[in-house]
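Take the sequence shown: its letters are residues 281 to 846, numbered as in the working numbering. Even glycine gets a Cβ: it sits at the ideal position worked out from N, Cα and C. Remember, it's a predicted structure, so these values are computed and weren't measured experimentally.
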Amino acid sequence: MHQAEPSTSSKGLPLFRHFTVGWITAIETEFLAAKQLLDMEYDARKIALPTGDKNIYTLGRIGEHNVVIATLPPAIYGTRSATGVAHNLQRHFPMVRVVLMVGVGGGAPTVRAGTGSDVRLGDVVVGTRVVSYDFGKQHPNYVEYTGDVKLSNSTLLSMTRQVTRDMMHDKLDLESTIAAGFTKTARIQDLFSRPGEESDRLYRPDYCHNDSEICDCLCETPRELDMIIPRAKRKSYDRIKVHYGSIGSADTVVKDAITRDKLALQHNLLCFEMETAGIIPIFRHIIPIRGICDYSDSHKAKQWQGYAAAAAATYAKCFLNVIDPHNLDADIPPNVDEMERYVQLVIQMVERVTSSRSYGPGSGSGLNEADNAMREIRESVAMLTTMAEHNSDSIRGVQKGYTEHSAALKNAEDGIKRIEEGQRDMRKILDDMMDYISTQHAVSTEEQKPGWENLRHEATEETSSLEKATKITENAREAMGKVADFTRDASWVTNSGTIARISDTLGRGSVAAEIGVNGFKKVKKWFSFDDPSPDPSNIFSTEIIFTNLFARIIRSTSASATSTSG
């Protein structure tokens, strides 16, 4: 598969919001493998990436998915480095919903009877469970590992099975797909080609390499050959297997076969790596995909590293191709945190455009940058509108259960506050954008004036859309206040011990007492779920009016009753 030429124009480039897949690699070989498999690579220079991010991103498309590739800094490996990369990725691509940690790993080749987990070089391991094995307590005869066990997302994992089915039904030949995907140059083809089977040697755990250097040699002495564990030769159509199971992730590199087997047996591990445990706290929806390049022993060699990286990357691409991007968006709806990150990203982008001194009068680049900024503004206004409507619906739904009231109202109130902040921020940058567009329109050439006029029209439309979204939020806040008053008053009423005393004091025939007794029964019935499907309109009409009136009567007559009894 040939890599497409980078895009040369900013027109038609995806918005930040449309990058929904993150792809993280640790070493250069893994990055090169990922880059070869992009169906299209976007020119990142045409996208106004925020300043202050140490990550270097490669942006592209695989199938219908827009993918952002990030790589750990050179020679800085481990979970902490991975956490930093993932954090920046989340900040600057806030709508990334799925992260693939794709690269090489050390295999745990213990063959378990009946499990089929005969892990070999060039195989692929998909992590369904991630174990941080470097946290533990030392006991006299053993180490108790206390690292958290993280489970990969079950919905995503179910989609990986489709890749396996395609392989089983001969719809996908992973080996030939790998070979076809790395042919751009002779150098690339050589780097990612499959080594000879004679180099795949699994030695007995008690046999160690004599020195600390990389073991690139294939020793042929009788003693060396006697240390090799015999394994059945695989069928020609089955040289690459995909395994699903537990992956060990820690800052410690496993280079000892005895330690490898002990950890693998204790945690049922298929391979070892050094990054995924650091990414999980940032992204819940993560799938680690590892190509096996060695056996986590002292006989480490690099001749399988390129092919293992290619195998993992190819599987990752096949996995993305079975995911419907629309289903992905529907499965993980936007939330307020994503909205905040996206709005801040757009603010930085607009500030960069409006404060730039590099665009002189008549600059076509300035018009393109402003056009990109308006596209991002349009998307963020739409997101704010969606979030405002969603929170408004949430407020209308709090009547469904008394025990849910407190948490629901708190979440709704927090959401409204943050949406209002986002709307205020967007209004400010829209004003700034309008000023910038007007200034540029005044000094632009006659040829460019229509472009600036179109942007001014778009900015005016987005201002109007934002005002409508703001009105939705204001209405939601007002409704929330009514629900909060109703909930507080109703709670006070239903827990009040003064109703009987008030009735006795005022007399059964009094209007206030009758309202009190009947109202108490009605509210008590509603809150005790005797009426499982109350009319939602009641919350905002009859129930609110009645309960507020009732509560005021109770409070006033309670004071009267207290003074009378005194």
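Task: Neighbour-count burial assignment, Glu656, 16 or more Cβ in a 10 Å radius - done: buried
Open item on the list: Rounded to whole angstroms, what is the Cα-Cα separation between Val384 and Asp651?
Closed with: 41 Å
Task: Inter-residue spacing [alpha-carbon to alpha-carbon] between Asp617 and Glu553 - done: 30 Å
Open item on the list: Assuming Leu401 and Cys573 are in contact, meaning their beta carbons sit under 8 Å apart, how far apart are those beta carbons, in whole angstroms?
Closed with: Between Cys573 and Leu401 the Cβ distance is about 7 Å, and since that is below 8 Å, they are a contact.
Open item on the list: Report the CB separation of Ile508 from Tyr483 in whole angstroms; it is logged as a contact under 8 Å.
Closed with: 6 Å
Task: Residue of Val630, Glu738, His737, Tyr587 minimising C-alpha distance to Asp470 - done: Tyr587
Task: Chain-order list of residues whose beta-carbon lies under 7 Å from that of Tyr487 (same chain, five-residue window excluded) - done: Cβ neighbours of Tyr487 beyond the five flanking positions: Met507.
Open item on the list: Measuring alpha carbon to alpha carbon, tell me which residue in Gly702, Val429, Ala593 is nearest Ala530.
Closed with: Val429
TODO: Name, in chain order, the residues that DSSP records as bridge partners for Ser529.
DONE: Glu553
Task: Alpha carbon of Arg621 to alpha carbon of Lys515, nearest angstrom - done: Their backbone Cα atoms lie some 50 Å apart in a straight line.
Open item on the list: Quick test of your reading: Arg409 and Glu659, contact by CB under 8 Å. State the CB separation rounded to the nearest angstrom.
Closed with: About 36 Å separates the two Cβ atoms, so there is no contact after all.
TODO: Using three-state DSSP, classify Pro730 as helix, strand or coil.
DONE: In the three-state reduction of the DSSP assignment, Pro730 falls in the helix class.
- [ ] Give, in chain order, every unbroken run of the alpha helix (DSSP H) that is at least 4 residues long and sits entirely within the stretch 287 to 366.
- [x] 308 to 316
Task: Burial state of Ser432 (16 or more Cβ within 10 Å) - done: buried
- [ ] State the DSSP-derived secondary structure class of Pro605, mapped to helix, strand or coil.
- [x] helix
- [ ] Would you mind stating whether Asp333 and His367 have Cβ atoms separated by less than 7 Å?
- [x] no
Open item on the list: Given a cut-off of 7 Å on the beta-carbon distance, is the pair Ile342 and Lys597 in contact?
Closed with: A contact, by the Cβ cut-off of 7 Å.
TODO: Over the uninterrupted alpha helix (DSSP H) stretch that includes Arg484, give me the two end residues.
DONE: First-last for Arg484: undefined, no H or E at that position.
TODO: Report the residue from Pro475, Asp450, Asn548, Leu293 whose alpha carbon sits nearest the alpha carbon of Tyr413.
DONE: Asn548
Task: Bounding residues of the beta strand (DSSP E) (the contiguous stretch that carries Leu431) - done: Looking at the DSSP string, the run of the beta strand (DSSP E) that includes Leu431 is 429 to 431.
TODO: Kindly indicate which three-state DSSP category Tyr524 falls into: helix, strand or coil?
DONE: strand
Task: Residues near Asp480 by beta carbon distance below 7 Å, same chain, minus five either side - done: Arg400, Leu401
Task: Unbroken stretches of the alpha helix (DSSP H), 4 residues or longer, contained in the stretch 439 to 469 - done: 454 to 461
Open item on the list: Just to confirm before moving on: does the CB-CB distance between Tyr575 and Val404 stay below 7 Å?
Closed with: no
TODO: Kindly indicate which residue of Ala590, Asp319, Val534 has the alpha-carbon position closest to the one of Ala459.
DONE: Ala590
TODO: Please classify Met619: does DSSP put it in a helix, a strand, or coil?
DONE: helix
Task: Integer-rounded CB distance, given that Val379 should sit under 8 Å from His565 - done: About 7 Å; that satisfies the 8 Å criterion.
Open item on the list: Here's the rule I'm using: 16 or more other beta-carbon atoms within 10 Å means buried, otherwise exposed. How should Ile356 be labelled?
Closed with: The residue in question, Ile356, is exposed, as its Cβ has fewer than 16 Cβ neighbours within 10 Å.
- [ ] With Asp574 as the anchor, note down where its beta strand (DSSP E) starts and where it stops.
- [x] 566 to 574
- [ ] Thinking Ser744 and Trp732 are a contact (beta carbons under 8 Å), I'd like their distance in whole angstroms, please.
- [x] About 19 Å separates the two Cβ atoms, so there is no contact after all.
Task: Beta-carbon contacts of Met663 that lie in its chain and below 6 Å, excluding the five residues immediately before and after - done: Met619
Open item on the list: Tell me the rounded alpha-carbon separation between Leu710 and Ala739.
Closed with: 7 Å
Open item on the list: Can you tell me which residues form a DSSP beta bridge with Arg409?
Closed with: Leu431, Ser526
- [ ] Find out if the Cβ-Cβ distance for the pair Gln442, Val633 is shorter than 7 Å.
- [x] In this structure, Gln442 sits away from Val633, with a CB-CB distance that is not shorter than 7 Å.
Task: Leu746 and Met706 closer than 7 Å at C-beta - done: yes
Task: Check whether Ser361 and Leu369 have beta carbons under 7 Å apart - done: no
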